[in-house]
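Taking it in order: structure first as structure tokens, then the write-up.
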Amino acid sequence: MKLRGFVSGILCSVFFLCIGAHAMILSSPLDYQVFQRSNKSSGSLVIAGQLSEPALELTKIQVKLGPRQPAQSDKRVLTLGVVQKGESHFNFKVRHFSGGWHRLDVRAVAGEKIVGQAVVEHFGIGEVFVIAGQSNSANHGEQKQKINIQKVSTFDGKAWRIADDPQPGASGRGGSFIPPFANELVKKFNVPVGIVSTGVGATSVREWLPEGERFPNPPTIMNKVVSHPQGGWMSKGEVYRNLISRIQFLGRYGFRAVLWHQGESDANQKDESRTLSGKLYEDYLGKLIKATRKDLNWECPWFVAQASYHTPEDPGSEDIRSAQRALWKSGLALEGPDTDSLTGKNRDHDGKGVHFSGKGLRAHGRAWADKVELWLSQELQEKKALVFVLAGQSNMQGQGVVSMDHEKYYNAGKGNLVWSMENSQSRDKMKHLRDEQGEWVGPPNVRIRYKQKDEVRSGPLTVGYTGYGGSSHIGPELQFGHVVGEHFQDREVHLIKTAWGGKSLFKDFRPPSSKGETGEYYTKMVEEIRAGLDDFSSNAYELGGFIWMQGWNDMVSQEATAEYAKNLVNFVADLRKEFSVKNLPVIVGELGNGGEAKPGSGMAKFRKAQNDGVKKIEQAWFVSTKEFARPPELSPNIGHGHHWYGNAESYFLIGDALGREMIRALNR
106 MKLRGFVSGI LCSVFFLCIG AHAMILSSPL DYQVFQRSNK SSGSLVIAGQ LSEPALELTK
166 IQVKLGPRQP AQSDKRVLTL GVVQKGESHF NFKVRHFSGG WHRLDVRAVA GEKIVGQAVV
226 EHFGIGEVFV IAGQSNSANH GEQKQKINIQ KVSTFDGKAW RIADDPQPGA SGRGGSFIPP
286 FANELVKKFN VPVGIVSTGV GATSVREWLP EGERFPNPPT IMNKVVSHPQ GGWMSKGEVY
346 RNLISRIQFL GRYGFRAVLW HQGESDANQK DESRTLSGKL YEDYLGKLIK ATRKDLNWEC
406 PWFVAQASYH TPEDPGSEDI RSAQRALWKS GLALEGPDTD SLTGKNRDHD GKGVHFSGKG
466 LRAHGRAWAD KVELWLSQEL QEKKALVFVL AGQSNMQGQG VVSMDHEKYY NAGKGNLVWS
526 MENSQSRDKM KHLRDEQGEW VGPPNVRIRY KQKDEVRSGP LTVGYTGYGG SSHIGPELQF
586 GHVVGEHFQD REVHLIKTAW GGKSLFKDFR PPSSKGETGE YYTKMVEEIR AGLDDFSSNA
646 YELGGFIWMQ GWNDMVSQEA TAEYAKNLVN FVADLRKEFS VKNLPVIVGE LGNGGEAKPG
706 SGMAKFRKAQ NDGVKKIEQA WFVSTKEFAR PPELSPNIGH GHHWYGNAES YFLIGDALGR
766 EMIRALNR
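Under this note's numbering, the letters of the sequence shown match residues 106 to 773, in that order.
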């Protein structure tokens, strides 16, 4: 197994055991921490921390992993990696089987001497959920609830503990639906459950928005909003910052879903000007969901409950409820429970209150469990490999320079991948491309196939799958593969890349449904896709999507530009028919070379033709790329505007955008 460095979260709430004058401090795992599993049987455990002093010599970090048993002698010792002389921090990520509680022993060994060690008595690999919303998502219920099976823990931002009410990190000191919900999940799936509870009582969705988001009227309680100098109101962002900081500690893909229960403080307020319309509620909650996904850098699932009930005299708002349903229908959120239906004895104050009684909290928890269990059972099923086809002309082949830095021919390396990882605007987003030893790495579940002339190359995703051979260039496939591979960690992902430079849709890729002779490279493309699929014939797979990055040779011809939208519609229809996938998701990348196009120019007309064609195709999406253009003076190939000047950051960002749009398409 190849172990890769993993940047840990916040260094906090630690323990250590001194060995002589030395100590080891662990930041991960913490006692009772639950890590999100990536498939039914396993997940990744982050082991991170530091020595109390810089290492005097090369120091190995070793671990023993196993169940919580006194005898540890039968457990295998794994060496995760080393701390170099003069350094003290370490970060590693290792696969381990689902379940818990497990025990972890860590030690640092210099030569034959143990210079530090620590023990974590409880950690688990299971399911982690973030709870957000207002009082009925927090601790305002009439009766505190308890965990029945001691496999549920909760995190307050600093430490984990068994998740009896009240839940740390959320408002209130009473009961919540969380213990009954988690009890049901443990019974169903027999793995530990981790909870991050962030609910804040009496909050409007407006108060959850990022700082500076504006709205015309304030909520009823105004301590988390402020008037805007130009009129209206805006969020202070404090609730959003707390939500993001709590989630970020978990790491990317570190939880299964957000469970959102809120709406009461936006429905039917006494001051009608403080009531939020359903249209605005849908808009603001949609903004919140999208903001979290952007800041967390992954398409984290959100469940949204039906919640708007106040009292028997005010049983809810159909306007707010319809907005919540609209988010389900749009694909932006998953369907949560209808807790407005939990009335009568399920509410506090003998059925007259807005919060839940003990009976109601248990019913609320079961209702959430019913929704989550059904979805999660499907998520955990053994899944077919996902196959994505990346097709087009030279910019899909890949012209991004990796490391060549000749002063004359490659502008001293400016804009190549190595340079970009140190100097570009995207350098922080690129860190995952290399491991701690400086080797190019890809997601372990992603493989790629590309036929270059008469040679078929296939293997794990890395640099070099371009028309040049070797490892000298990249195309959009590199970051596209990272994005979809990390999102679908529980599945194998296969990329079939098929591209030729200097080819038009008008002639070379001309589809059968367009009048005239079918293009030679349309036929070759279909043949290569079939050959790639045949490579997987012994494995179950599904064709997940088609990515099209092409257009230069059509853009330079007025006749080809005029036909492009129609030819694109026919091209997609013929491909779907060819491979018997009626609604195959299709992503079309904009011909964004050179950035903004002059109005009325050939480039502007062609981009419009691309977009017009996409709009006529169901289950197809257009991705803007012009914002990824970089100036020639900061690029390796200063005379190659048709190839993005060979700028590796441009190709990285194109792949990133195409990958994220594909994930959104599949989530829809």
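For each residue, glycine too, the CB sits at the ideal point set by N, CA and C. Just so it is clear, the structure is predicted and the values come from calculations on it, not from any experiment.
Tell me the DSSP secondary structure of residue i in three-state form.
i	result
VAL459	coil
PHE260	strand
VAL112	Confidence at VAL112 is low in this model, with a pLDDT of 31, below 50, so the placement of that residue should be treated as unreliable; the coordinate-derived value is given next. Here VAL112 sits in coil by DSSP.
GLY274	coil
GLY572	coil
VAL546	coil
ARG357	coil
VAL648	What sits at residue 648 in the sequence shown is Leu, not Val. LEU648 falls in the strand class under three-state DSSP.
GLY280	strand
ARG311	helix
MET526	helix
PHE641	coil
VAL511	Sequence check: residue 511 is His here, not Val. Note: HIS511 maps to coil in three-state DSSP.
THR666	helix
SER755	helix
PHE202	strand
PRO159	coil
HIS502	Here the sequence assigns Gln to residue 502, which means His is not the residue at that position. Helix, per DSSP.
VAL589	helix
TRP605	coil
GLU683	helix
VAL560	Checking the displayed sequence, the identity of residue 560 turns out to be Glu instead of Val. Three-state result, GLU560: strand.
ALA128	strand
TRP539	For the sequence presented, residue 539 should be read as Arg rather than Trp. The answer is strand: DSSP assigns ARG539 an E or B state.
GLU765	Going by the sequence as given, residue 765 is Arg instead of Glu. Helix, per DSSP.
ILE352	helix
VAL631	helix
Which residues does DSSP list as the beta-bridge partners of residue i?
i	result
LEU600	PHE493, ILE553
PHE614	None; PHE614 has no bridge partner.
ASP210	LYS169, VAL224
THR164	VAL188, ALA215
SER382	DSSP, once it has assigned bridges, lists no residue as partnering SER382.
MET72	Residue 72 falls outside the range modelled here, since the chain spans only 106 to 773, and no answer is possible.
ALA153	SER133, ASN196
HIS778	Because the chain in this structure spans residues 106 to 773, residue 778 falls outside the shown range and cannot be described.
GLN138	PHE228
ILE394	Beta-bridge pairing links ILE394 to no other residue.
SER777	Only positions 106 to 773 of the chain appear in the structure, and residue 777 is not among them; the question remains open.
HIS578	VAL506
LEU183	VAL168
SER147	PHE202
Would you mind working out which of the options sits nearest residue i, comparing C-alpha positions?
i	options	result
ASP424	SER619, THR380, VAL310, LYS395	THR380
VAL233	LYS249, LYS256, GLN542	LYS256
ASN244	TRP206, TRP605, ALA264, ILE283	ILE283
GLN374	LYS710, LEU290, THR308, SER446	THR308
SER382	GLU487, SER350, ARG426	ARG426
PRO323	ASP371, ALA702, GLY356, GLY280	ASP371
ILE252	ALA264, SER242, PRO271, GLY503	PRO271
ALA709	LEU739, GLY586, ALA667	ALA667
GLY148	ARG200, PHE614, VAL291	ARG200
ALA275	VAL298, PRO741, VAL344, LYS519	VAL344
GLU738	TRP749, LEU355, VAL728, LYS464	TRP749
LYS519	ASP613, ARG351, ASN752	ASN752
GLY337	GLU625, ALA770, VAL310, GLY317	GLY317
ILE793	GLU683, PRO315, ASN288, ARG311	Residue 793 falls outside the range modelled here, since the chain spans only 106 to 773, and no answer is possible.
PRO808	GLU647, GLY624, ASP761, PHE641	The displayed coordinates of the chain run from 106 to 773. Any statement about residue 808 would go beyond what the structure contains.
Since residue i contacts residue j with CB under 8 Å, what's their CB separation in whole angstroms?
i	j	result
ALA734	GLY700	4 Å
VAL441	VAL409	Here residue 441 is Gly; the residue named in the question, Val, does not match the sequence. Confirmed, Cβ separation roughly 5 Å.
GLY574	GLN502	Not a contact, Cβ separation roughly 11 Å.
LEU161	ALA215	7 Å
LEU522	VAL506	7 Å
VAL494	ILE634	6 Å
TRP407	TRP365	6 Å
PRO450	GLY456	The identity of residue 450 in the sequence shown is Lys, whereas the question assumes Pro. Rounded, the Cβ-Cβ distance is 6 Å, consistent with contact.
VAL492	PHE641	7 Å
GLY262	ARG351	5 Å
Just checking: is the beta-carbon of residue i within a distance shorter than 8 Å of some beta-carbon in chain D?
i	result
GLU192	Absent here is chain D; the protein component of the structure consists of one chain.
Check: Which whole runs of the beta strand (DSSP E) in the segment 693 to 751 are 3 residues long or more, in chain order?
Finding: 725 to 728
Checklist line | Those runs of the alpha helix (DSSP H) which lie wholly inside the segment 316 to 343 and span at least 4 residues | finding: none
Note to self: Extract the residue ranges of the beta strand (DSSP E) inside the segment 385 to 451, only unbroken runs of 3 or more that lie entirely within it.
What the structure shows: 407 to 411, 439 to 443
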